[in-house]
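Data block below; observations after.
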Amino acid sequence: MLQSLNARATLLSIALLLFMLGIWEFANHPPSADKPLTEYEILMGGADQEARVPAPSEIIGRAVEELSDPFYDAGPNDKGIGIQLAYSIYRVLAGYFLAALLAIPFGFLIGMSPLMYKAMNPFIQVLRPISPLAWMPLALFIIKDSETSSIFVIFICSIWPMLINTAFGVANVRRDWINVARTHELSSLRTALTVILPAAAPTILTGMRISIGIAWLVIVAAEMLVGGTGIGYYVWNEWNNLDLTSVIFSILMIGVVGMLLDLALSYATRLVQYEE
Amino acid sequence: MTRAFLEIENLARRFPGSDGELTVFENASFTIEKGEFVCIIGHSGCGKSTIMNVLAGLDAPSEGHVFMDGIEVAGPSLDRGVVFQNYSLLPWLSALHNVTFAVRSRWPGWDKDKVREHSYRYLKMVGLGDGAELRKPSQLSGGMRQRVSIARAFAIQPKLLLLDEPFGALDALTRGTIQDELVKICDATRQTVFMITHDVDEAILLADRILLMTNGPYARIAESVKVELTHPRERSTIIHDPGYYRIRNHLVDFLVRRSKELAGVVSDTDTPSVTSTTPVEVNPAVAAADPPTANNVGAAKA
Ligand SMILES: Nc1ncnc2c1ncn2[C@@H]1O[C@H](COP(=O)(O)OP(=O)(O)O)[C@@H](O)[C@H]1O
Ligand SMILES: [Mg+2]
């Protein structure tokens, strides 16, 4: 039953995709197909390129072209999509893991101590809603390096969901399980590692999953802002070149990579999930 | 003077509430001897779990002291095993690992094989094996979960075992089977047990002595009822003992009538006399065969 449901869903997805691509493709056909070019159009070298969103076939063509050699490097303004994505992923992971390194232990502390929870709460509430990009000028001024600044922006945007979820998960570990640890005379460290950590792990992982999603959203904007390398810069650069085919292709790549990052985290969440 | 294994002296627990203090129980004094099986019966909400948490060291009393082996209880200890009301198994560990978790904390020096072998022995003792021990608690029935919980508590070989309504959530059939197993294990190990229950028959089957608690707030431990029935006890034969119904009637009478009558007596600040804090000792099994009412209590007092 489930098998057939999955199969049917896949079939429907493919049908929808083909349907939409079909409409897009035919709605976009250059006018030159059915009527002769005007004199102006001949002068401009064919149909009006700028006014037209490229058709799916062109994007697929570009995708094949780009993905067949993703890692070429022909100077600062002409790098393969693979290299650009690798830069972005590297920045996201660097900022993200630095944030995890700080947020998880600190979240533990806040979650275990009601005093710390109350004392830290005002800071968290004020800092959390700040758009991560608002930090960029300050980061650039202090760090004086665009690469490190974008890592810092990722760090600052991914820290909050992890911090808040860790604190929440730790603070809400069932009293009974803590009592089990206490009646077995577990040290604080062993209680934290063998009881609180596994008990709070699903909540912590949920926070990490939210964080990676936000980090991937933010890196594109950050790279558009600071330029140089990365998928965000690539999108902006192709826009400046008025190469909409590449813009759409890279938009799709951003989606695919974001989905893979989310899948990885959702898989990790399933590993630590337990049923009460 | 030789001291009892477990001594509870003038214990009280009060919680700060919105409209003043809530005194759950006060002036609780009783003792438990080594190897004794003591049950405590009282209506829901009278403070049984609160007392047990204090005995376990999980909660501190507002007044009074608990001594075990002459040493004051100040915090939880592996010498006191606890079976919680809702089993409290760690859901991310298999049944086996819930037990090895306890065994490892009791004997940190043991190697893996020894911990495993010891854990298996106690799981077998409560009738768990054949692969069921490898399942997570969520994949086990309520009865099996409670068995794991009991195995975990016995496996650390505590000096005192504390059980909080261990069979409350089980169906009658499962409850009967596990009770029988508990009788067997306790007869074999001479384990000292303090158990909360609200099932009169369960208390008579298992206990050497039953403490009766009045309704709260200001609950007191009013009586200590001796269960003078021979060991080993069998559910089927015990009911033919002439003492059985006298004990049972006495307990039921207390629960339906006297627990309310005796409830809520706020002790005067100036007269917390010794006689008012220690429970009245009653032995209905050998008392006169008349209805166990005020007569019995009077006779026991005399
Ligand atoms: N932490 C607490 N704070 C305030 N009141 C409590 C607390 N724990 C228990 N109580 C109160 O103490 C009374 C006895 O509870 P409990 O010991 O669980 O009863 P029992 O186990 O006999 O059913 C109840 O009225 C309950 O509301
Ligand atoms: Mg209770």
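Chains as they are written, first to last, in the numbering used here: chain A, 3 to 278; chain B, 361 to 662. Even for Gly, the Cβ is constructed at its ideal location relative to N, Cα and C.
Classify residue i: buried if its beta carbon has 16 or more other beta carbons within 10 angstroms, exposed otherwise.
i: residue 634 of chain B; result: Model confidence at residue 634 of chain B stands at a pLDDT of 41, short of 50, so the residue's coordinates are unreliable and nothing is read from them.
i: residue 411 of chain B; result: buried
i: residue 24 of chain A; result: exposed
i: residue 279 of chain A; result: Residue coverage of chain A in this structure runs from 3 to 278, which leaves residue 279 of chain A outside it and unanswerable.
i: residue 600 of chain B; result: exposed
i: residue 169 of chain A; result: buried
i: residue 591 of chain B; result: exposed
i: residue 511 of chain B; result: buried
i: residue 132 of chain A; result: exposed
i: residue 66 of chain A; result: exposed
i: residue 190 of chain A; result: exposed
i: residue 618 of chain B; result: buried
i: residue 70 of chain A; result: exposed
Give me the chain B residues within the contact set of residue i, using Cβ-Cβ distance strictly less than 7 Å, ordered along the chain.
i: residue 184 of chain A; result: 418, 436
i: residue 188 of chain A; result: 465
i: residue 178 of chain A; result: 444, 446, 448
i: residue 200 of chain A; result: 452
Please list the partners that residue i has in chain A, where partner means a Cβ-to-Cβ separation under 9 Å.
i: residue 532 of chain B; result: Per Cβ cutoff of 9 Å: no residues; residue 532 of chain B is ~25 Å from chain A at best.
Could you tell me the distance, in whole angstroms, from the CA atom of residue i to the CA atom of residue j?
i: residue 366 of chain B; j: residue 524 of chain B; result: 18 Å
i: residue 620 of chain B; j: residue 407 of chain B; result: 14 Å
i: residue 421 of chain B; j: residue 561 of chain B; result: 30 Å
i: residue 100 of chain A; j: residue 224 of chain A; result: 18 Å
i: residue 5 of chain A; j: residue 11 of chain A; result: 10 Å
i: residue 14 of chain A; j: residue 110 of chain A; result: 45 Å
i: residue 76 of chain A; j: residue 151 of chain A; result: 25 Å
i: residue 645 of chain B; j: residue 607 of chain B; result: 6 Å
i: residue 149 of chain A; j: residue 252 of chain A; result: 21 Å
i: residue 214 of chain A; j: residue 278 of chain A; result: 27 Å
i: residue 530 of chain B; j: residue 502 of chain B; result: 7 Å
i: residue 113 of chain A; j: residue 194 of chain A; result: 11 Å
i: residue 126 of chain A; j: residue 378 of chain B; result: 31 Å
i: residue 19 of chain A; j: residue 493 of chain B; result: 49 Å
i: residue 218 of chain A; j: residue 55 of chain A; result: 26 Å
i: residue 632 of chain B; j: residue 387 of chain B; result: Caution is warranted here: a pLDDT of 43 is assigned to residue 632 of chain B, below 50, making its placement in the model unreliable, and the coordinate value is therefore given only provisionally. The alpha-carbon atoms of residue 632 of chain B and residue 387 of chain B are separated by roughly 8 Å.
i: residue 541 of chain B; j: residue 486 of chain B; result: 7 Å
i: residue 556 of chain B; j: residue 594 of chain B; result: 21 Å
i: residue 200 of chain A; j: residue 172 of chain A; result: 10 Å
i: residue 108 of chain A; j: residue 449 of chain B; result: 28 Å
i: residue 9 of chain A; j: residue 216 of chain A; result: 32 Å
i: residue 181 of chain A; j: residue 118 of chain A; result: 22 Å
i: residue 499 of chain B; j: residue 447 of chain B; result: 14 Å
Under 8 Å between beta-carbons, which chain B residues line up against residue i? List them in chain order, please.
i: residue 68 of chain A; result: What residue 68 of chain A touches in chain B: nothing, since even the nearest Cβ is about 44 Å away.
i: residue 197 of chain A; result: 450
i: residue 238 of chain A; result: What residue 238 of chain A touches in chain B: nothing, since even the nearest Cβ is about 46 Å away.
Can you name, in chain order, every residue of its own chain whose Cβ lies under 6 Å from the Cβ of residue i, other than the five neighbours on each side?
i: residue 68 of chain A; result: 83
i: residue 414 of chain B; result: 421
i: residue 463 of chain B; result: 475, 478, 479, 515
i: residue 418 of chain B; result: 436
i: residue 247 of chain A; result: 56, 60, 61, 64
i: residue 519 of chain B; result: 439
i: residue 260 of chain A; result: 218
i: residue 141 of chain A; result: 151, 154
i: residue 72 of chain A; result: 82, 83, 84
Could you list which residues in chain A have their beta carbon closer than 8 Å to that of residue i, in chain order?
i: residue 408 of chain B; result: Simply none; closest approach about 16 Å.
i: residue 515 of chain B; result: Result: empty, since nearest Cβ-Cβ is about 11 Å, beyond 8 Å.
i: residue 498 of chain B; result: 276, 277, 278
If I measure Cβ to Cβ from residue i and keep anything under 7 Å in the same chain, skipping five residues before and after, which residues do I get?
i: residue 27 of chain A; result: 57, 58, 59
i: residue 513 of chain B; result: 441, 442, 443, 521
i: residue 275 of chain A; result: 204
i: residue 228 of chain A; result: 148, 151, 152
i: residue 78 of chain A; result: none
i: residue 212 of chain A; result: 163
Please compile the residues from chain A whose C-beta is within a distance smaller than 7 Å of the C-beta of residue i.
i: residue 544 of chain B; result: By Cβ distance, chain A contributes nothing, its closest Cβ being about 25 Å from residue 544 of chain B, past 7 Å.
i: residue 442 of chain B; result: 185
i: residue 582 of chain B; result: Under the 7 Å cutoff, chain A gives no residues; its nearest Cβ is about 29 Å from residue 582 of chain B.
i: residue 462 of chain B; result: 186
When you measure from the CB of residue i to every non-hydrogen atom of ligand 3, does any distance come out below 8 Å?
i: residue 506 of chain B; result: In terms of ligand content, the structure shown lacks ligand 3 and carries ligand 1 and ligand 2 instead.
Kindly list the residues whose CB is nearer than 8 Å to the CB of residue i, restricted to its own chain and excluding five residues on each side of it in sequence; keep chain order.
i: residue 643 of chain B; result: 585, 586, 588, 660
i: residue 662 of chain B; result: Confidence in residue 662 of chain B is poor, its pLDDT being 35 and thus under 50, which makes the residue's placement too unreliable to answer from.
i: residue 226 of chain A; result: 234, 235, 237, 238
i: residue 381 of chain B; result: 374, 375
i: residue 488 of chain B; result: 455, 504, 507, 508, 511
Name the chain B residues that come within less than 9 Å of residue i, Cβ to Cβ?
i: residue 181 of chain A; result: 413, 416, 418, 436, 442, 444, 448
Under a CB-based cut-off of 9 Å, is residue i close to chain C?
i: residue 194 of chain A; result: This model lacks chain C altogether; the protein chains it does include are A and B.
Exercise. Ignoring anything shorter than 4 residues or poking outside the region 89-154 of chain A, list the alpha helix (DSSP H) runs there in chain order.
Key: The alpha helix (DSSP H) runs lying completely inside the region 89-154 of chain A and spanning 4 residues or more are 116-129, 138-145, given in chain order.
Self-check item: Any beta strand (DSSP E) of 3 or more consecutive residues that is wholly inside the region 416-484 of chain B
Solution: The qualifying runs are 423-428, 440-443.
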